[in-house]
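Numbering (my numbering), first residue to last: 385 to 671.
No residue lacks a Cβ here, since even glycine has one placed at the ideal position from N, Cα and C.
The structure presented is a predicted model; accordingly, all values stated were derived computationally and were not measured.
Only one structure is covered here, and it is reproduced in the block below.
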Amino acid sequence: YHWDLPQALEDRGGWLNRDIVDWFADYARLIGQRYGRRVKRFVTFNEPGIFSLFSRSFGARDRSADDKLHRWIHHVNLAHGAAVDALRQTVADAQIGLVTNYQPIYPSTDKPEDITEAALIGDYWNRAFSDPENVRQYPLLIRDAIAPHIQPGDIARIHRPLDWFGLNHYSPVYINSDPNAIIGLGWGAKPDGIPRTPIDWTIEPDAFRDTLIEVSRRYGKPVYVTENGYGSNIEKPDDTGAVIDPGRIAFLRDYISGLDAAIAAGADVRGYFVWSLLDNFEWAEGY
385 YHWDLPQALE DRGGWLNRDI VDWFADYARL IGQRYGRRVK RFVTFNEPGI
435 FSLFSRSFGA RDRSADDKLH RWIHHVNLAH GAAVDALRQT VADAQIGLVT
485 NYQPIYPSTD KPEDITEAAL IGDYWNRAFS DPENVRQYPL LIRDAIAPHI
535 QPGDIARIHR PLDWFGLNHY SPVYINSDPN AIIGLGWGAK PDGIPRTPID
585 WTIEPDAFRD TLIEVSRRYG KPVYVTENGY GSNIEKPDDT GAVIDPGRIA
635 FLRDYISGLD AAIAAGADVR GYFVWSLLDN FEWAEGY
């Protein structure tokens with residue numbers, strides 16, 4: 385699922401309606417029945433934090449949205465668990481994972497409120513989905529907020545056996561505290577002196593290395609890097625028709641070196657997929 389909810393289901397409440405758990409299970413079952421003879425690796429959700437947090441939190445000012453955010457998160461997790469069960473029932477040898485955009489969350493200043501906010505956003509951004517689905521509990525800093533939406537048996541329904549962990553990673557996120565925003569998040573200034581891509585994402589291969597080590601140790605599953613790459617809008621063919629692309633070449637060299645260092649440190653990384661030369665143009669940076 386990559387954020388394309390049918391309008392008919394959105395009109396019935398979408399991810400705020402607990403019935404979506406069964407709707408999503410039916411969808412996963414249909415996918416398994418149609419493609420299971422040829423497809424053996426499945427992802428339930430790609431970056432659930434993005435379509436959840438950006439829809440119901442970042443930039444929002446209506447404080448009532450806070451409850452909707454936590455209900456939404458819990459329903460996505462329940463739908464994930466139901467989809468895993470549906471795929472297991474229809475594809476006996478399925479290899480199933482979830483893909484998250486797990487990134488270091490750094491405070492943009494050393495103010496106590498920014499440091500506190502960075503810890504909170506780390507639980508929302510990185511662990512609100514990965515933790516209940518892999519280690520059977522919500523992360524500590526958001527546990528009380530989710531609790532009103534949890535019914536008996538829900539955590540067991542979410543925590544279904546997974547075969548691998550999917551990681552999308554580009555760069556860290558820098559934030560500051562905004563007391564007027566839902567969950568308090570404001571986008572912070574990025575530090576000077578750190579290289580950036582042409583679309584202003586910082587280039588920090590050491591953060592990639594550290595993230596691979598962290599998720600491998602925290603979740604104990606084989607890791608596939610399902611997205612990593614260099615978004616750029618400035619390369620053009622030269623007079624010979626060739627694209628001279630030193631920025632992307634250097635980025636991939638350094639990030640793959642970071643991956644190699646993570647493996648040397650014990651991270652169980654099984655695959656690496658470069659996300660394309662058009663990254664993010666289809667969503668936010670171009671069209």
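(request) Could you pull out every residue in the same chain whose Cβ sits closer than 6 Å to the Cβ of E611, ignoring the five residues on either side in sequence? (result) N552, W659
(message) Check whether the stretch 639-654 and the stretch 590-598 are in contact - that is, three or more C-beta pairs closer than 8 Å.
(response) yes
(message) For F435, which residues in the same chain have their Cβ closer than 7 Å to its Cβ, ignoring the five residues on either side in sequence?
(response) W387
(message) Can you find the residues in the same chain that come closer than 7 Å, C-beta to C-beta, to L471, ignoring five residues on each side of it along the sequence?
(response) A412, G416, F426, A478, I480
(message) By DSSP's criteria, I480 is part of a beta bridge. Which residues make up the other side?
(response) F426
(message) Using 8 Å as the threshold, is the C-beta distance between Y522 and D515 below it?
(response) yes
(request) Measure how close the beta-carbons of A409 and A466 come, nearest whole angstrom, since I'm counting them as under 8 Å. (result) 4 Å
(request) Find the nearest neighbour of I578 within the set A463, V609, E588, A626, judged by alpha-carbon distance. (result) E588
(request) May I ask you to report which of helix, strand or coil DSSP gives F592? (result) helix
(message) On the criterion of 16 or more Cβ atoms from any shown chain inside 10 Å, does A649 qualify as buried, or is it exposed?
(response) exposed
(message) Quick test of your reading: P751 and N560, contact by CB under 8 Å. State the CB separation rounded to the nearest angstrom.
(response) With the chain covering only 385 through 671, there is no way to say anything about residue 751.
(message) Whole angstroms are fine: how far does the CA of T474 sit from the CA of Y419?
(response) 10 Å
(request) Determine, using beta carbons only, whether H459 and V405 come nearer to each other than 8 Å. (result) yes
(request) Please name the residue in F635, A634, K620 whose C-alpha comes closest to that of I628. (result) K620
(request) Identify, in the order they occur along the chain, each residue of the same chain with its Cβ nearer than 8 Å to the Cβ of K452, setting aside the five sequence neighbours on each side. (result) L400, R440
(request) Have a look at I489, A529, R520 and flag the residue whose alpha-carbon is nearest the alpha-carbon of N510. (result) I489
(request) Going by CA-CA distance only, name the one from G398, G537, A512 that's closest to L524. (result) A512
(request) Give a yes or no on whether the C-beta atoms belonging to L482 and F429 are separated by under 8 Å. (result) yes
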